[in-house]
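Visitor: There's a structure below that I have some questions on.
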Amino acid sequence: MWTALSGAALATMIRMELAFPGSPFFKGDSTRYLQTITAHGLIMVFFVVVPILFGGFANFLIPYHVGSKDVAYPRLNSIGFWIQPFAYLLVAKTAVLRQQFWKYYDKTSSYYSMLDKNHKRDALIEYNDSVMQLSSFKKFDASEHIIPFKAKASVFEGSDSSVQGSFKTFLWNNVINYPENFWYSVIRLSNQRRKKVYVTKCSDRTSVTAGWAFITPFSCNTKYTRVGSQDLLIIAVILAGVSTTVSFTNLLITRRTLAMPGLRNRRVLLPFITIALLLTLRMLAIITPVLGASMFMLLMDRHWQTTFFEFVYGGDTVLFQHLFWFFGHPEVYVLIIPTFGIINMTLPFLNTRRVASKHHLIWAIYVMAYMGFVVWGHHMYLVGLDHRSRSLYSTITIMISLPATIKVVNWTLTLINGALKVDVVLAWSIAYILVFLVGGFTGMWLSHVALNISMHDTFFVIGHFHLMLSGVVLVGSFTGFYYYFGALFGIKYSRFFAYMHLIYYNGGIWLTFVPMFWLGFSGMPRRIHDYPAVFMGWHSMASTGHMIALVGAIFFFFMILDSHIEKRVVIYSTLGLPRWHKRIQYYLFKIRYLQLVNKQLNVLPNYKVRSYLTQHYFNEYEQYKK
Ligand SMILES: [Cu+2]
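Counted from 1, the sequence shown has number 190 at position 142 by the working numbering; the numbering is strictly sequential.
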């Protein structure tokens, strides 16, 4: 939740900067703008959406739906969870770092004055006169006998500033009397300086120019992104990858080892959300190592003189983008497919009807998952791919619209043939379908090579993927949250605030991201903190929309607060299967089938099966008890 708030705060900073041309928000500092958008992207993708879907829904639902009490390794789960905050802190540190200008420290010239013995002696004689006030001391040659430790400017008033400094580094009359010690002192001083520079400030003007996608060559060479922020970001992403790996391993092992006997996808019906989550966990198992490997390659290029991405030494700069987007494109499907599962659950529940052709819906997400692995090139049309590859990527990407269309058509059929129970969750589901339609269509446009060339790196892209992420993924997550609210907290959600949340959040995101399509048409580029006055209308509209969406987010917190104040007890759990499962024929068939399966497997009676059946089929009107 803190990560979500900080990500939203960064978004607010971006929208305030872009609210009107010449905005004083970042004081015209494009580096701080880049810093902000980079941290916003990384935080939202790795530390908001992933924890909501996999930390929240998956850990909560998968063990329950496969018939287990908990995940296979709860402690491992805890480790995976606690890695996240550390990784998040690294990114957050990069986001809030002030752009420190190190004072240009000319190492040679600053020692010249130390070598000027006459100057020092004068200063010390003045020191004796003014402080000691004893005439006998004046006979001393001060420069030989006095070591001015903890020298202060007030004491050495009027003297040269180079005598200021700590005792450790300024044994300066040794330096003067024994010139061979000079470099010894210099090394100590410069070591101390270096510590200061790299540890306490660790940022400079070029800190995060590589953006959230770690674009090479900026990210792979310390010449472009100095040691500091970029390394923190890389390490943060590696840690997030470790956390994800721990998490998906645990959940997949849970499904494999702790599932009830006879559980098969699509035979004994798993809820759609669980099917979708398990599919995305398998996808994560394929893509996360690629991300980790590419991040390690970046680190090695930066610090250990490898040349994976160095064109000059025979590396391939574009290789990194291939690796990153081989992770990146399936990653967005990893985020979106669980929300398909959620909508497949909520629509039949609220329409008192089976979902239209459930097997098509399941195969649609599988096909999208498989095809999602071979379309990454549509992020790279302008890096110099030959046109045959681009056509291929374009064609396959457009082919993905087929399963997407199947989903939308089936949802529509479910809607129009059902007996609607108009409720918060249904309204959210319909909002989800609308935003998925527009986000998907604009994605089709972008996947077209010719259109993409003109709209590459414009706000059209921003509008598209924000409609998919803060639109589709977050609206889907909110839908699931309301759907499972009773099961999570045992109380009803506050309907008034839920509707206010719906209206303001959805109105806000539409108003924010639709103007971006027009901005993109007109040629407003991404990652630029200022723009000519002609773009002001659409940009101001987008900033207004963002504020409205923020109001929606505030209503979300009011909703949780109000629900917990009112504490209206929920009468039955929405964790149960949809209502059409109550048909006795279906249950008899299911029970017979499970009995047969267990007989075949020669598994012990079936206390697991029995408890599963009791919970799911015969207990539907009672509150779910742990
Ligand atoms: Cu993509």
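Quick reminder that beta carbons are idealized off the backbone N, C-alpha and C, glycines included.
Whole angstroms are fine: how far does the CA of Trp411 sit from the CA of Tyr418?
Guide: Counted from its first residue, the sequence shown places residue 418 at position 370. Counted from its first residue, the sequence shown places residue 411 at position 363. Their Cα atoms are separated by approximately 10 Å.
Visitor: Tell me which residues share the same chain as Met492 and place their Cβ nearer than 7 Å to its Cβ, disregarding the 5 neighbours each side in the sequence.
Guide: By 1-based counting over the sequence shown, the position of residue 492 is 444. Around Met492: Ile446 and Ser449.
Visitor: So what's Thr292 in DSSP terms, helix, strand or just coil?
Guide: Taking the sequence shown and counting its residues from 1, the one referred to as residue 292 is at position 244. It is helical.
Visitor: Below 8 Å CB to CB, which residues in the same chain sit around Val584 once its five sequence neighbours on both sides are set aside?
Guide: Position 536 of the sequence shown, counted from the start, is the residue given in the question as residue 584. The question names Val, yet the displayed sequence has Met at residue 584. The residues are Phe68 and Pro69.
Visitor: Can you tell me whether Gly432 is buried or exposed? The criterion is at least 16 other CB atoms within 10 Å of its CB, across all chains shown.
Guide: Within the sequence shown, the letter at position 384 stands for residue 432. So Gly432 counts as exposed.
Visitor: Just to confirm my understanding: we take Ser477, look at its own chain, exclude 5 residues before and 5 after, and list those with CB closer than 6 Å. What are they?
Guide: Residue mapping note: residue 477 aligns to position 429 of the sequence shown, counting from 1. Around Ser477: Ile391, Thr394, Leu395 and Thr527.
Visitor: Give me, in chain order, the residues of the same chain whose beta-carbon lies closer than 7 Å to that of Phe296; leave out the 5 immediate sequence neighbours on both sides.
Guide: Counting from one through the sequence shown, the residue named residue 296 turns up at place 248. Closer than 7 Å at Cβ, skipping near neighbours: Leu329, Leu332 and Ala333.
Visitor: DSSP three-state label for Val423, please.
Guide: Your numbering for residue 423 matches position 375 in the sequence shown. Coil, per DSSP.
Visitor: Distance, Cα to Cα, His427 vs Ile613?
Guide: Here residue 427 is taken as the residue at index 379 of the sequence shown, counted from 1. Here residue 613 is taken as the residue at index 565 of the sequence shown, counted from 1. Near 47 Å, if we compare the C-alpha coordinates of Ile613 and His427.
Visitor: Just mark Phe356 as buried or exposed, buried being the case when its beta carbon has 16 or more other beta carbons within 10 Å.
Guide: Counting from 1 along the sequence shown, the entry for residue 356 is found at position 308. Phe356 comes out buried.
Visitor: Just the Cα atoms here: how many angstroms apart are Tyr669 and Gly103?
Guide: Stepping through the sequence shown from its first residue, residue 669 is reached at position 621. Stepping through the sequence shown from its first residue, residue 103 is reached at position 55. Here Tyr669 scores only 49 on pLDDT, less than 50, and its place in the model should not be relied on; the value that follows carries that caveat. Between Tyr669 and Gly103, the C-alpha separation is close to 29 Å.
Visitor: In terms of alpha-carbon separation, which member of Leu66, Gly389 and Arg304 lies closest to Thr322?
Guide: For the purposes of this step, residue 322 is taken as residue 274 along the sequence shown, with counting starting at 1. Nearest of Leu66, Gly389 and Arg304 to Thr322, Cα basis: Gly389.
Visitor: Determine the burial state of Arg438: buried for a count of at least 16 other Cβ atoms within 10 Å of its Cβ, exposed for fewer.
Guide: Start at 1 with the first residue of the sequence shown, and residue 438 comes out as number 390. By the 10 Å Cβ count, Arg438 comes out buried.
Visitor: Where does Pro573 sit, in a helix, a strand or coil, going by DSSP?
Guide: Taking the sequence shown and counting its residues from 1, the one referred to as residue 573 is at position 525. Pro573: strand per DSSP, three-state reduction.
Visitor: With a threshold of 8 Å on Cβ separation, who are the neighbours of Ala106 within its own chain once the five nearest residues in sequence on each side are excluded?
Guide: Residue 106 sits at position 58 when you count from the first residue of the sequence shown. These residues qualify, in order along the chain: Ser295, Leu299, Leu325, Leu329 and Pro386.
Visitor: Using the DSSP secondary-structure output, state which residues sit across from Val617 in a beta bridge.
Guide: Position 569 of the sequence shown, counting from 1, holds the residue named residue 617. Answer is Ile539, bridged to Val617.
Visitor: Is it the case that the Cβ atoms of Arg350 and Thr270 are separated by a distance below 7 Å?
Guide: Here residue 350 corresponds to residue number 302 of the sequence shown, with the count starting at 1. Here residue 270 corresponds to residue number 222 of the sequence shown, with the count starting at 1. For Arg350 and Thr270, yes; Cβs fall inside 7 Å.
Visitor: Closest to Ala546 by CA distance: which of Ser611, Val380 and Thr506 is it?
Guide: Position 498 of the sequence shown, counted from the start, is the residue given in the question as residue 546. The option with the nearest alpha carbon to Ala546 is Ser611.
Visitor: Taking Ala143 and Thr84 to be in contact with their CB atoms under 8 Å, please state how far apart those CB atoms are, rounded to whole angstroms.
Guide: Position 95 of the sequence shown, counted from the start, is the residue given in the question as residue 143. Position 36 of the sequence shown, counted from the start, is the residue given in the question as residue 84. The pair is a contact, with the Cβ atoms about 7 Å apart (cut-off 8 Å).
Visitor: Below 7 Å between beta carbons: does that hold for Thr490 and Gly568?
Guide: Locating residue 490 in the sequence shown gives position 442, counting from the first residue. Locating residue 568 in the sequence shown gives position 520, counting from the first residue. No.
Visitor: Would Leu101 be called buried (16 or more neighbouring beta carbons within 10 Å of its own) or exposed?
Guide: For the purposes of this step, residue 101 is identified with residue 53 of the sequence shown, where counting begins at 1. Leu101 is buried by the Cβ-count criterion.
Visitor: Beta-carbon separation of Val96 and Gly55 under 7 Å?
Guide: The count along the sequence shown starts at 1 and reaches residue 96 at position 48. The count along the sequence shown starts at 1 and reaches residue 55 at position 7. Their beta carbons are under 7 Å apart, which means Val96 touches Gly55 by this criterion.
Visitor: Should His377 be counted as a contact of ligand 1 given a C-beta to heavy atom distance under 6 Å?
Guide: Position 329 of the sequence shown holds residue 377. Checking the Cβ of His377 against ligand 1 gives yes.
Visitor: What ranges does the alpha helix (DSSP H) occupy inside the region 440–466, keeping only unbroken runs of at least 4 residues that lie completely in it?
Guide: Counting whole runs of 4 or more residues, the region 440–466 contains the alpha helix (DSSP H) stretches 449–465.
Visitor: With a threshold of 8 Å on Cβ separation, who are the neighbours of Arg401 within its own chain once the five nearest residues in sequence on each side are excluded?
Guide: By one-based count along the sequence shown, residue 401 stands at place 353. Within the same chain, Arg401 has close Cβ partners Thr462, Asn465, Gly466, Ala467 and Trp628.
Visitor: Leaving out five residues on either side along the sequence, give the residues of the same chain with a beta carbon under 7 Å from the beta carbon of Lys540.
Guide: Translated into positions along the sequence shown, residue 540 becomes position 492. Contacts found: Gly534, Ser611, Arg616 and Val618.
Visitor: Under 7 Å between the Cβ atoms of Phe604 and His549?
Guide: On the sequence shown, position 556 is the one that residue 604 refers to. On the sequence shown, position 501 is the one that residue 549 refers to. Yes, Cβ-Cβ distance for Phe604 and His549 is below 7 Å.
Visitor: Below 7 Å between beta carbons: does that hold for Gly556 and Gly593?
Guide: Position 508 of the sequence shown, counted from the first residue, corresponds to residue 556. Position 545 of the sequence shown, counted from the first residue, corresponds to residue 593. Against a cut-off of 7 Å, the Cβ pair of Gly593 and Gly556 comes out as a contact.
Visitor: Is the beta carbon of Phe368 sitting closer than 7 Å to the one on Thr264?
Guide: The residue you call residue 368 lines up with position 320 of the sequence shown. The residue you call residue 264 lines up with position 216 of the sequence shown. Taking 7 Å as the Cβ cut-off, Phe368 and Thr264 qualify as a contacting pair.
Visitor: Using three-state DSSP, classify Thr560 as helix, strand or coil.
Guide: Position 512 of the sequence shown holds residue 560. Thr560 falls in the helix class under three-state DSSP.
Visitor: Can the beta-carbon of Gly340 be found closer than 7 Å to that of Ile286?
Guide: As a first step, residue 340 must be located in the sequence shown, where it is residue number 292. As a first step, residue 286 must be located in the sequence shown, where it is residue number 238. Cβ atoms of Gly340 and Ile286: closer than 7 Å.
Visitor: Which partner residues does Thr354 have in the DSSP bridge list?
Guide: Stepping through the sequence shown from its first residue, residue 354 is reached at position 306. Thr354 pairs with nothing; no bridge assigned.
Visitor: Rounding to the nearest angstrom, what Cα-Cα distance links Lys425 and Tyr112 in this structure?
Guide: Indexing the sequence shown from 1 puts residue 425 at position 377. Indexing the sequence shown from 1 puts residue 112 at position 64. Here the sequence assigns Gly to residue 425, which means Lys is not the residue at that position. So the alpha carbons of these two residues sit roughly 38 Å apart.
Visitor: Helix, strand or coil for Thr257, going by three-state DSSP, please let me know.
Guide: For the purposes of this step, residue 257 is taken as the residue at position 209 of the sequence shown. Three-state DSSP puts Thr257 in coil, outside helix and strand.
Visitor: Of the residues Val114, Phe484, Ser116 and His587, which one's Cα is nearest the Cα of Thr453?
Guide: Here residue 453 refers to the residue found at position 405 of the sequence shown. Ranking Val114, Phe484, Ser116 and His587 by Cα distance to Thr453 puts Phe484 first.
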